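Protein chains in written order, with our numbering: chain A, 514 to 873; chain B, 514 to 873; chain C, 514 to 873; chain D, 514 to 873.
There are 4 protein chains.
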Amino acid sequence: MASNSFGEIFRITTFGESHGPGIGVVIDGCPAGLEFDRDFINRQMQKRRPGQSALTTARQEADEVEILSGVFEGKTTGAPIAMFIRNTDARSADYENLKTAYRPSHADYTYEVKYGLRDYRGGGRASARETAARVAAGAVAQLLLNKFNIQIFAYVSAVGAVKCPLPYTELPLREIYAHPVRCPHGETALQMQQLIEKMRDAGDTIGGIITGVIKGCPPGLGEPVYAKLHAELGRAMLSINAVHGFEYGSGFAGTIHPGSEHNDAFATGVGREVITRTNHSGGVQGGISNGMDIYFNVAFKPVATIKQTQQTINQQGEPVSITMSGRHDPCVLPRAVPVVEAMSAIVIADALLRHRLSRC
Amino acid sequence: MASNSFGEIFRITTFGESHGPGIGVVIDGCPAGLEFDRDFINRQMQKRRPGQSALTTARQEADEVEILSGVFEGKTTGAPIAMFIRNTDARSADYENLKTAYRPSHADYTYEVKYGLRDYRGGGRASARETAARVAAGAVAQLLLNKFNIQIFAYVSAVGAVKCPLPYTELPLREIYAHPVRCPHGETALQMQQLIEKMRDAGDTIGGIITGVIKGCPPGLGEPVYAKLHAELGRAMLSINAVHGFEYGSGFAGTIHPGSEHNDAFATGVGREVITRTNHSGGVQGGISNGMDIYFNVAFKPVATIKQTQQTINQQGEPVSITMSGRHDPCVLPRAVPVVEAMSAIVIADALLRHRLSRC
Amino acid sequence: MASNSFGEIFRITTFGESHGPGIGVVIDGCPAGLEFDRDFINRQMQKRRPGQSALTTARQEADEVEILSGVFEGKTTGAPIAMFIRNTDARSADYENLKTAYRPSHADYTYEVKYGLRDYRGGGRASARETAARVAAGAVAQLLLNKFNIQIFAYVSAVGAVKCPLPYTELPLREIYAHPVRCPHGETALQMQQLIEKMRDAGDTIGGIITGVIKGCPPGLGEPVYAKLHAELGRAMLSINAVHGFEYGSGFAGTIHPGSEHNDAFATGVGREVITRTNHSGGVQGGISNGMDIYFNVAFKPVATIKQTQQTINQQGEPVSITMSGRHDPCVLPRAVPVVEAMSAIVIADALLRHRLSRC
Amino acid sequence: MASNSFGEIFRITTFGESHGPGIGVVIDGCPAGLEFDRDFINRQMQKRRPGQSALTTARQEADEVEILSGVFEGKTTGAPIAMFIRNTDARSADYENLKTAYRPSHADYTYEVKYGLRDYRGGGRASARETAARVAAGAVAQLLLNKFNIQIFAYVSAVGAVKCPLPYTELPLREIYAHPVRCPHGETALQMQQLIEKMRDAGDTIGGIITGVIKGCPPGLGEPVYAKLHAELGRAMLSINAVHGFEYGSGFAGTIHPGSEHNDAFATGVGREVITRTNHSGGVQGGISNGMDIYFNVAFKPVATIKQTQQTINQQGEPVSITMSGRHDPCVLPRAVPVVEAMSAIVIADALLRHRLSRC
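Structure representation (structure tokens):
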């Protein structure tokens, strides 16, 4: 079962609610001897932290990570690594009037029907605040990947109808975080920002697409059949709040091309390594990495919390109108970029360790 | 680990290769007392069977399921249910010339780099023949769902650029299997058929989109956070051979709408049940079913096996040209429809059982 | 993998080291709606707490449990329940001289050979302090079992060669905690105490046996084959520090009786329920509970930390003599009683939930 | 869940009933490139086969293993290995009169109360015939261990009150299979045989103890906390039909010795390797192997099927007397020896692979 766990070898278990004491994660299966760079972890946390810019929620959280276990003299010991991030700026009073009403397109109704009760404060466990724990865990995964020169990138490639006009191969991926929107194409980033501001000012929200890119992944990662590398990536992304779609390689667009165009011809690279001349496969063939770049798109719906008054029903089935005063992002994508990175890092770290088991 | 298993409670483990003795599955966790309808299972198998029509591979397999365990006097006993489907028409000689060459966009290279060797006959374990086991297991899951009046549908909504012009809500879902293409919109089905025939005659292949619809799913299924119902569905679909994308509800198209349009207002239905006036959420909110229809799209790339001569390399990294004589589908989608149904049924059966654990 | 997790449905994941910030646990899979009695949890913690009596280690820990998540308005929500117990009286300086030496019959050498490094302070993760987290989790499991009138008992039935002369059926199980030794047979408890004091004064240690009894367990719990109820109990007990043996029902002694004497005849009880006239089966048949009392014995070796000077080797393989100044129990059994109870409760809670999945 | 699976990395899933088509196993996680010695597997099967000698059941089964998948050109491919053993000599008519009666100390009642129905033919899934699948899987595990020079032994050390007078260290372990009783101490073996024959002639049965020994296990195997090596071994043994107890190293007898006697002093061996001067730890410290011999005892109760008439009740709770005519072993131990070996091999193979994940 373990609904709050992800990963088989490098396995995370998260806990915590939006308005409880805090959010945490236990990593079980991180190998021993990894240099544990706390500064790196905190830097990753800063990328997701609320209150960073005018584009994000006004909730202020320092999001400092307390290391509760698993690290000794600066290195991982093989014991579980527990990390905890306290909530400091939760305002539960904002939710008093939502105790009995079901917010549209939120998890209020479904949690209540499943569990018979719900923590109505800020969405409780359903809050995207849970992703803080993913970012902390993903940073540890990234430390492991660094040893193998595997690089993870993610950026906002669309906000509403504003789309980045270039593919990832033509973008400066090192500059993603230079702009608060986290799009490395300056002109597009500005348009995205303007759209987000417009939505925010209208009390509305907007979705978009994040593109993920994994470079330097060695061939052989991923398991055939049910734990295909792209299936694990897809599951990871679809588990992030507000995600409604995932595609990798040629994705949905690849469905209109004939096989004769779509097939990626094998060739030999400059270092005698196996390469493909095109990469419609998105770096994964038969569920296993082939050494080429892995790339994928993740679709985020607009945030459900809008400032406009909405009609809904309450627990008694009576129509009610609600207006939400909680602090929320008009567009979740900029802050979701480090979450996509984190989940990617966890998937690849897990596959990397798992691959050690393939041969005698 | 268990790379060849899927599901937590209703758990399947498949085995077998394209050109070995056969394909099989063990279902562990099917509750006792389920009436085991062998005819239904065989009917489901017939939907996926090769050699059904001129649109599919010429390989002829009866695909009769032998029940090896778990059933007594017509009912499941709670013991694991093992089913086996013998291979009878495998022609391994077709693959002799591919022993050392890597077929483009196949799993030849990645399996070899992962395992140090590979079963080159018909793709071995990477063959879509593995999905026969999924269909058998999915039929058992469907028998369980029948008791709860949960209905699973899947149909071909696009082949290449030929798209079904109507949404699922306006299609006669009971007529999906009336046409060999498995599209319930007659005019479109004909166009799809013509396109597939054209590709086949050119020795080429084409991909497309399958739409899945789940009706009658009670609210409360799915687990928050990592086992969200749509994440499990997505993972299930992405584990099917040739799938490159998954979206549910509003999907990628939903990213361009503001929250004020996208949110699904709650209301009270005729039977006092909770409904939503629109269903951009695709029947899932916060990862848990809300009682509305669940619907999703699955993108399939074109089959990699084409009749045209292709350039590639061999194990020594030398360029070689290959021509494939194996029998393959010009378009995998018609035969993938029952596979999408099967994986959907397994996901929902698993969630249904899991939901029994939610409350004290 | 998940080496630090136990249980399938009611699943615990523990973390923390003896001399780190503290010890914690995440429970994933506790059903929603359970009244969460914090006082009960703290009372259970007190039973295991160090520094309770002259028979235990002098280390002083309040062992108060901080609830980090999963509880709202006094009830479980279905979200993971995280609990944390801070270390306050760890004296790492006691272990400076043991940095490089391998303490006999401790985990120093094996951890180092496995992980390439080790946290030498108080045994790190190998410390029995980890069991504090089990007691906290076990208390939550017990709260669930209370709703079903399932009662868990454990008591010290032997310390060294001092054995309780009566079977559990003739002992006042409600009085176990009346004596610091946790043996409900007063005379024997005194003899045990004297033996422990003698060992303590000699700077030595002694092992013994804890007997566990589960009353009120409904028939049908446990899974055939690999998750037999007694196999899960055995695994649970064998995972407790210092445990070297487990037997249930007639156990090792049952091997000398012929089947004609050993078989438990079925009969009908006063309430028309099925009973057995004898209970050599220990309440479990074919791995599944039959409604009779479940009882078992757990063998604990003597604590490895003795005050006497010992010969050993260091990391360089050189002979060294060591004397340990850490604070330890001369006999671990009295404080292990609540740990045996806790692990029993977790096993039964898990089986109880799992049983909901047995039938259609 | 996966009640019919065992092992995390080297993972087996078994299926089948005593009187169904047969018994099978799927091994998922066997690394690729292992030379697959079919003769060795069949030889192991012969050790467990019924009808071998006058000491065993008269049921005649060839127990030939059909390999259904996972092997290509004599080597494992990394794909799941499925093996199937057909039942050929099942006589279901023997059980017609037991349809409604609960055999004492069998799983009839507990299966029925759990599942609401049961396969009454030969115990169905509860039959020890399931262990045939374990032996097949264990043989594959042993092939893997052979590459690492790890040797597994098991022998009958007690039948009823007849006990082998020497410890394993003084016995010729290579000669275990020279005697049908599988005790390598000739004089004792004869006494055991006489006792078994006496019980058989009286229509009665008898239990005993099997001792397991693992030699050549490298240090570092096993996981701390819940997957301690001895906890996994214990769970494996307790999952075997009729097992009522498990102890390793000093076991229950070790509870009476003070720590100063029980501790195993470390020393340096002839090859500069770390050894201990005594081995009360049974080769496992803190749950991790230390390189010394691993040894343990497994207690088997007497077989429940006796020829004598017994009193019991039926499904209606009415008293009935039954006489069993099925063919059964008067003493299960000789045929359980290869099962103990098999489960040991699976546990060690799993730990061996898992250990690859310990360090960066």
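Think of the CB as a built atom: it goes at the ideal place given N, C-alpha and C, for glycine as much as any other residue. From a predicted model like this one, the values you see are computed outputs, not experimental measurements.
- The Cβ neighbour count for C/Gln-824, taken over all protein chains shown within 10 Å, is under 16; the residue is labelled exposed.
- A direct Cα-Cα distance of roughly 10 Å separates B/Gly-699 from B/Pro-685.
- Interface flag for C/Arg-631 against chain A is set, since a Cβ pair is found closer than 8 Å.
- For secondary structure counted as the beta strand (DSSP E) over 3 or more consecutive residues, the segment 546 to 592 of chain A holds these complete runs in sequence order: 578 to 580.
- Taking a beta-carbon distance threshold of 8 Å, B/Ala-702 does not count as an interface residue toward chain C.
- At the C-beta level, C/Gly-537 and C/Met-596 come within 8 Å of one another.
- In this chain, the beta strand (DSSP E) harbouring A/Thr-527 covers 524 to 529.
- Note that the C-beta distance between B/His-757 and B/Ala-812 is below 8 Å.
- The alpha-carbon of C/Arg-695 is positioned some 11 Å away from that of C/Leu-568.
- Inside the segment 834 to 864 of chain C, DSSP marks no whole alpha helix (DSSP H) run of 4 or more residues.
- Residue ranges of uninterrupted beta strand (DSSP E) with 3 or more members, entirely inside the segment 586 to 641 of chain A and ordered along the chain, are 594 to 599.
- Taken in chain order, the complete beta strand (DSSP E) segments of 3 residues or longer contained in the segment 652 to 740 of chain B are 664 to 672, 721 to 728.
- Think of a sphere of 9 Å around the beta carbon of D/Arg-638: the chain B residues whose beta carbon falls inside it are Ser-582, Gly-583, Thr-590, Gly-591, Ala-592, Pro-593, in chain order.
- For C/Ser-531, no chain B residue has a C-beta closer than 9 Å to its own C-beta; the minimum C-beta separation is roughly 31 Å.
- Judged by beta-carbon spacing, D/Val-787 lies within the 8 Å limit of C/Ile-826, meaning their Cβ atoms are closer than that value.
- Per DSSP, the unbroken alpha helix (DSSP H) holding C/His-743 starts and ends at 742 to 751.
- Using a Cβ distance threshold of 8 Å, B/Gly-799 and A/His-532 do not count as a contacting pair.
- Closer than 8 Å at the C-beta level to chain C, one finds these residues of the segment 594 to 619 of chain D: Tyr-615, Pro-617, Ser-618, His-619.
- Closer than 8 Å to the CB of B/Ile-719 there is at least one CB belonging to chain A.
- Residue-level contact by beta carbon holds for D/Ala-545 and chain A, with a gap shorter than 8 Å.
- Around the C-beta of C/Asp-602, fewer than 16 other C-beta atoms lie within 10 Å, and the residue is accordingly described as exposed.
- Cβ-Cβ distances below 8 Å link A/Ile-727 to Ile-663, Gln-664, Ile-665, Phe-666, Gly-796, Asp-806, Ile-807, Tyr-808, Ser-857, Ile-861 in the same chain, with the five nearest sequence neighbours on each side left out; the list follows chain order.
- The beta carbons of B/Gly-637 and B/Glu-530 sit closer together than 8 Å.
- With respect to the 8 Å criterion, B/Thr-613 and B/Cys-543 are not classified as neighbours on the basis of their beta carbons.
- Sorting D/Arg-634, D/Glu-831, D/Tyr-633, D/Met-558 by C-alpha distance to the C-alpha of D/Val-853 places D/Met-558 at the top.
- Cβ atoms of B/Pro-593 and D/Asn-517 come within 8 Å of each other, at about 5 Å.
- For B/Asp-777, DSSP assigns no beta-bridge partner whatsoever.
- The alpha carbon of A/Glu-688 has as its nearest neighbour, out of A/Tyr-681, A/Arg-848, A/Pro-697, A/Thr-682, the alpha carbon of A/Pro-697.
- DSSP places B/Val-787 inside the beta strand (DSSP E), whose first and last residues are 787 to 789.
- Under DSSP, B/Gln-828 shares a beta bridge with no residue.
- For B/His-868, the three-state secondary structure derived from DSSP is helix.
- Proximity to D/Ala-646 across D/Thr-526, D/Pro-731, D/Gly-747, D/Leu-751 peaks at D/Thr-526, based on C-alpha coordinates.
- Of all residues in the segment 718 to 743 of chain B, those with a C-beta nearer than 8 Å to a C-beta of chain C are Pro-737, reading in chain order.
- Contact note: D/Val-626 reaches chain C through Pro-732, Gly-733, using a C-beta cutoff of 7 Å and chain order.
- Taking one beta carbon from each stretch, the segment 566 to 582 of chain C and the segment 841 to 853 of chain C have 3 or more pairs nearer than 8 Å; the two touch.
- If you check the CB distance, D/Thr-718 and D/Val-816 come in under 8 Å.
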